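**Q** Take a look at the following structure, please.
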Amino acid sequence: MRKAWMVFRLVVHLLYGFVVALTLWPLLGKKQKEMIEQCWAGQLLLILNVQVRVVYEKPEADYSIHKPCLLYSNHVSWLDIFAFNSIHPVTFIAKSEISKWPIGGLLAKRSGTLFIERGKRHAVRDVIHAAVKVLGTGRCVAVFPEGTTGAGNTPLHFHSNFVQPAIQAGVPLLPVSLQYFKPDGSFSTEPAFLGDQTILENIKVLLNSKTGFVVQLYIHAPINTEGRTRHELSDEAHERIRTICQAQILAH
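So the sequence shown is numbered by the UniProt record's numbering: it starts at 1 and just counts up by one.
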């Protein structure tokens, strides 16, 4: 009965988002859009029984106040996007495949997601240029430089090209260590969206959990990008994220 109720609420919530994105979105102002994005993301996580825990290494790491910046995070699940947006809406750089998802694709487009067109010669250059423009408006941009998802125990290789928007826009780089835990504090790989798993299979894992999960975003102190190369910045961010991810597992 509990699972059926969760499925019903999820379907209604997705349809509500689809209708708003399809009809009302062009008529709304910036503040209204941000409010809807934040509330919708928070409600989605609530329905799926996923709590968000935010740890700021320093006060300047609060990107809802100190912006614009480039959020540079490891990637575990499709839920990661909504975890960030539930704190404060940002513009994401994402694979073009997401734009083809039913309902989710439209929502991503309406929220201003910057898609990388695979196979296109200047795809990365184009998305970097678009990200710089967004940062110029005062809105934060978020990217998952691994280009894929991992378990959350340690970050995979980072593609340093995705630091470039921060360098060109002259904004700080904000590394984020993102991991999933059970409510008792133990590290969990269950919510990870990995391999050949479909999004429906992943949602089933979330629905079947009796305790739910906690997604933790450890937001590191900003890194000044002035006078530094993208490789230096990416390597420093990777090391910060790796250190915290492993420390959090050992601590629990």
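Note that the Cβ used here is the ideal one computed from N, Cα and C, for glycine as well.
Remember, it's a predicted structure, so these values are computed and weren't measured experimentally.
With three or more beta-carbon pairs closer than 8 Å as the criterion, would you say the stretch 181-188 touches the stretch 97-112?
**A** Too few Cβ pairs lie closer than 8 Å, so no.
**Q** Cutting at 6 Å between CB atoms, please list the residues of its own chain near valine 124, excluding the five before and the five after it.
**A** Counting from 1 along the sequence shown, the entry for residue 124 is found at position 124. Cβ within range, chain order: Asn161.
**Q** Whole-angstrom Cβ separation of serine 73 and phenylalanine 144, contact assumed at under 8 Å?
**A** As a first step, residue 73 must be located in the sequence shown, where it is residue number 73. As a first step, residue 144 must be located in the sequence shown, where it is residue number 144. Contact flag correct, Cβ pair sits at about 6 Å.
**Q** In angstroms with no decimal places, state the Cα-to-Cα distance between lysine 100 and arginine 118.
**A** Looking up residue 100 in the sequence shown gives position 100. Looking up residue 118 in the sequence shown gives position 118. Approximately 13 Å, taken between the alpha carbons.
**Q** Report the start-end ranges of each alpha helix (DSSP H) in the UniProt domain "Phospholipid/glycerol acyltransferase" (69-181) that is 4 residues or longer and not cut off at the edges.
**A** Counting whole runs of 4 or more residues, the UniProt domain "Phospholipid/glycerol acyltransferase" (69-181) contains the alpha helix (DSSP H) stretches 80-87, 104-110, 123-136, 164-169.
**Q** Give me the Cα-Cα distance between leucine 200 and leucine 70, rounded to the nearest whole angstrom.
**A** The residue you call residue 200 lines up with position 200 of the sequence shown. The residue you call residue 70 lines up with position 70 of the sequence shown. One C-alpha to the other measures close to 30 Å.
**Q** Between which residues of its own chain and isoleucine 36 is the CB-CB distance below 8 Å, once the five residues before and five after are set aside?
**A** For this step, residue 36 is matched to residue 36 along the sequence shown. Excluding residues within five positions, the ones whose Cβ falls inside 8 Å are Val20, Leu28.
**Q** Can you check whether the CB of alanine 61 is closer than 9 Å to the CB of proline 165?
**A** Translated into positions along the sequence shown, residue 165 becomes position 165. Translated into positions along the sequence shown, residue 61 becomes position 61. It is not a contact, given that the beta carbons lie outside the stated cut-off.
**Q** Are valine 176 and arginine 230 closer than 9 Å when you measure CB to CB?
**A** Your numbering for residue 176 matches position 176 in the sequence shown. Your numbering for residue 230 matches position 230 in the sequence shown. Not closer than 9 Å, so no.
**Q** Tell me the DSSP secondary structure of arginine 228 in three-state form.
**A** Counting from 1 along the sequence shown, the entry for residue 228 is found at position 228. DSSP places arginine 228 in coil when its eight states are reduced to three.
**Q** Find out if the Cβ-Cβ distance for the pair valine 214, tyrosine 180 is shorter than 9 Å.
**A** As a working note, residue 214 is residue 214 in the sequence shown. As a working note, residue 180 is residue 180 in the sequence shown. A contact, by the Cβ cut-off of 9 Å.
**Q** My output table needs one value for glutamine 197: the three-state DSSP class, helix, strand or coil.
**A** Counting from 1 along the sequence shown, the entry for residue 197 is found at position 197. Looking at glutamine 197 - three-state DSSP - the assignment turns out to be coil, as it is neither helix nor strand.
**Q** Would you report the Cα separation of phenylalanine 82 and leucine 44, rounded to the nearest angstrom?
**A** In the sequence shown, counting from the first residue as 1, residue 82 sits at position 82. In the sequence shown, counting from the first residue as 1, residue 44 sits at position 44. Cα-Cα distance, rounded: 8 Å.
**Q** Considering leucine 28, what are the terminal residues of the alpha helix (DSSP H) in which it resides?
**A** Within the sequence shown, the letter at position 28 stands for residue 28. Taken as a continuous stretch (DSSP letters only), leucine 28 belongs to no alpha helix (DSSP H), as it is neither H nor E.
**Q** Using the three-state DSSP reduction, which class does isoleucine 219 fall into: helix, strand or coil?
**A** Reading the sequence shown from its first residue, position 219 is the one you call residue 219. Looking at isoleucine 219 - three-state DSSP - the assignment turns out to be strand.
**Q** Report the rounded CA-to-CA distance for residue 302 versus leucine 233, giving the unit in angstroms.
**A** Nothing can be reported for residue 302, as the shown portion of the chain is limited to 1 through 252.
**Q** Tyrosine 63 lies in the beta strand (DSSP E); which residues open and close that run?
**A** Start at 1 with the first residue of the sequence shown, and residue 63 comes out as number 63. Run containing tyrosine 63: none; DSSP gives neither H nor E here.
**Q** Using the beta-carbon count (16 or more within 10 Å), is valine 141 buried or exposed?
**A** As a first step, residue 141 must be located in the sequence shown, where it is residue number 141. Its Cβ being crowded by 16 or more others within 10 Å, valine 141 is buried.
**Q** Ignore the nearest five residues each way along the sequence and tell me which others in glutamate 190's own chain have a CB closer than 8 Å to its CB.
**A** If you number the sequence shown from 1, residue 190 lands on position 190. Counting only Cβ-Cβ distances below 8 Å, and skipping sequence neighbours, we find Tyr180, Val205, Ser209, Phe213.
**Q** For the candidate residues Asn85, Arg228, Gly227, whose alpha-carbon lies nearest to that of valine 54?
**A** For the purposes of this step, residue 54 is identified with residue 54 of the sequence shown, where counting begins at 1. With distances taken between Cα atoms, valine 54 lies closest to Asn85.
**Q** Give the DSSP bridge partners of tyrosine 16, in chain order.
**A** The residue given as residue 16 occupies position 16 in the sequence shown. Paired residue(s): none; tyrosine 16 is not in a bridge.
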